[in-house]
Structure formats: C-alpha cells, structure tokens
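Asker:
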Ligand code: AMP
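Residue numbers (our numbering): -13 to 239.
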C-alpha cells in the first residue's frame, strides 16, 4: 500500500485534532505546561473493524488502535503537474492489462515505511529528526526509469518512476540519517536496498507478470519526455506526516 494513503485512510485516533502545519524548529521551542493526568481514566484500547469498501477496496495491514499515530517521512516533488501528464499517458498504455488501474493520490517519494508513533513520542521524535536533517543541503532531483513495485503484502502493484543515480545518492544519505532516528525509537527502518521512486498508478494484487511485457513500451514513452524536457525538481524541504499533523524540515541553501 502507498504509505501516504495509509495515513489518509487510517489517520490516527485524533479525529478531534486540527490539521496543522508545524515547523519542526517551532515545535522544539514551545514549552507546554505538563497537565496532571492522574485523575483521567485511561481510554481502553479498541480494535476498529476494517471496511475495505470505504477506501477503494484496500486492506489494512496493521490494526487501527487508539493512541497509534500512523507516520511517514517523504519528499514532495515540486512540479506535480508534470507528473500528472505522465499519469495520463501511462494510464492509456496500461489499458491493455485486464485489471482496474487507479491513480496514486498524494504523490510523494517515500523516505520511510509507514510506522506507528505513540502520542507522547511525537515531540521528541520530530526534534530528533530536526537534529539529523538540519545539516542536509538542498538538491536537484531527477528521474531515471519506470519500475514496477509490489507492497510487502503483495496486495497492490505500483507503476512508479525511479529517481536517477545522483538523486539516489542524495536520498540514500538522507534515508540513512532517518534510519538512525527510527532505530533510536525502535521503529522499523526503510528497506535494506531502498529504491527511491514516485508511484503514479496502482493495481489491486500482484500484477508484476502482466506489466513485465509492457514495461519497455512504458519506459520509451517516459524516456522521450525526460530527454526532451531535461526535467529536474529542486528539493528544499523534507516532510513528515504524523496522524493528521504535518512537519516540514527546511534544507540548507
Ligand atoms: P510508495 O510509492 O513509496 O508508497 O511505494 C510503493 C510500494 O513500493 C510500497 O508499498 C513499498 O513497499 C514498495 N517497495 C518494494 N520494494 C521497495 C524498495 N526496495 N524500496 C522502496 N519501496 C519498495
């Protein structure tokens, strides 16, 4: 499953909290009064029954529990419109595959898997991220080739654009730093062999075999465009979504 769609579907249990954009450095400075919670009843853990019908038939791969904030670190590509052109072109070319193809919403490049953060860890976690990400410089991101991925449960297949060699080096360095923080908080690290990409379209189930036959054709379409436009995107911030809260980390100029 696409990491961002996990978050938009499952969010957190904090339906009552506003959707806010924080600057990580601002979060660091605010000192909140520590409330006395000794008389407050503990809310019992509650399993909420999954209803795939309300989220495009996609299945949850971890239970929704009170106190669990689905979280995720990612890069947002600055020119989404450019990617939307490709979505349209690719969609036409995959129409020969006998399965319903959906457009990926919340276009992003993952820097972490989706992980679960407890509420009391949000502030320390975002501060730790700020510490390791604060020294990273802005960079240009370019794409390489179309690649097909399956999620870990093999329930979805993605048609994605992998980043090119030099962007991969930048993102690997960032991902290593993020992994250090995830490890510190005993959270799952990203892949051992990460392949940074932006997912554009997806299918239910594992459709790798069906897509293998048309991969070359898909790549020809994209390569022509890439050469013609010599397109790069300037990345000057990284993003972290925790439940319905957004944190942004500015990169050094
Ligand atoms: P994303 O667009 O980042 O949500 O990724 C789409 C899917 O690619 C996710 O469900 C990942 O589990 C999957 N994936 C499979 N192999 C890799 C890999 N080596 N690096 C990154 N993502 C991967």
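Glycine included, every Cβ here is placed at the ideal spot set by N, Cα and C.
1) Pick out whichever of 237, 202, 227 and 57 has its Cα sitting closest to the Cα of residue 132.
2) Can you check whether the C-beta of residue 176 is within less than 8 Å of a C-beta belonging to chain B?
3) Whole-angstrom Cβ separation of residue 88 and residue 204, contact assumed at under 8 Å?
4) For residue 91, which residues from the same chain have a beta carbon less than 6 Å from its beta carbon, with the 5 sequence-adjacent residues on both sides left out?
5) Who are the Cβ neighbours of residue 114 in its own chain at under 8 Å, not counting the five residues just before and after it?
6) For the structure I just gave you, are there three or more beta carbon pairs, one from the stretch 133 to 151 and one from the stretch 187 to 199, closer than 8 Å?
7) In three-state terms, what does DSSP make of residue 111?
8) For residue 183, does the three-state DSSP call read helix, strand or coil?
9) Helix, strand or coil for residue 237, going by three-state DSSP, please let me know.
10) Would you give the residue range spanned by the alpha helix (DSSP H) that residue 83 belongs to?
11) When you measure from the CB of residue 183 to every non-hydrogen atom of the ligand AMP, does any distance come out below 7 Å?
12) Can you give me the start and stop residues for the alpha helix (DSSP H) that residue 242 sits inside?
13) Taking only the alpha-carbon atoms, compute the straight-line gap between residue 60 and residue 84 and give it to the nearest angstrom.
14) Compute the minimum distance between the beta carbon of residue 177 and the heavy atoms of the ligand AMP, and state whether it is under 7 Å.
15) Take residue 173 and list the residues in its own chain whose beta-carbon comes closer than 7 Å to its own, dropping the five residues that flank it on each side.
16) From the DSSP secondary-structure annotation, give me the bridge partner or partners of residue 148.
17) State the start and end residues of the unbroken alpha helix (DSSP H) segment that holds residue 201.
18) Starting from the Cα of residue 194, find the closest Cα among 218, 144 and 157 and give me that residue.
19) Taking all protein chains shown into account, do 16 or more other C-beta atoms lie within 10 angstroms of the C-beta of residue 165, making it buried, or fewer, making it exposed?
20) Using a Cβ-based criterion (distance less than 7 Å to any ligand heavy atom), does residue 174 qualify as near the ligand AMP?
21) In three-state terms, what does DSSP make of residue 195?
Answerer: The answer reads as follows:
1) If we check each option's Cα against that of residue 132, 202 comes out closest.
2) Judged by its chain identifiers, the structure shown contains no chain B, having just a single protein chain.
3) Not confirmed; about 16 Å, so no contact.
4) Result list for residue 91: empty, nothing under 6 Å.
5) So the qualifying residues of the chain are 167, 170 and 171.
6) Contact between the stretch 133 to 151 and the stretch 187 to 199 is present, with at least three C-beta pairs closer than 8 Å.
7) Residue state for residue 111 is assigned as helix, using DSSP reduced to three classes.
8) Of the three classes helix, strand and coil, the one that applies to residue 183 here is strand, per DSSP.
9) Three-state result, residue 237: coil.
10) Membership of residue 83 in any alpha helix (DSSP H) is not indicated, and neither H nor E is assigned to it by DSSP.
11) Yes; taking the cut-off as 7 Å, the Cβ of residue 183 has a heavy atom of the ligand AMP nearer than that.
12) The structure shown does not extend to residue 242, since the chain is modelled only from -13 to 239, so the question has no answer here.
13) Going by the C-alpha atoms only, they are around 31 Å apart.
14) The closest heavy atom of the ligand AMP lies less than 7 Å from the beta carbon of residue 177.
15) Excluding residues up to 5 positions away in sequence, 101 lie with their Cβ nearer than 7 Å to the Cβ of residue 173 in the same chain.
16) Answer is 183.
17) Note, residue 201: alpha helix (DSSP H), 201 to 215.
18) Selected option, being the one with the closest Cα: 144.
19) By the neighbour-count criterion, in which a residue is buried when 16 or more other Cβ atoms sit within 10 angstroms of its Cβ, residue 165 is buried.
20) Flag unset: Cβ of residue 174 not near the ligand AMP.
21) Assigned with DSSP and collapsed to three states, residue 195 falls in helix.
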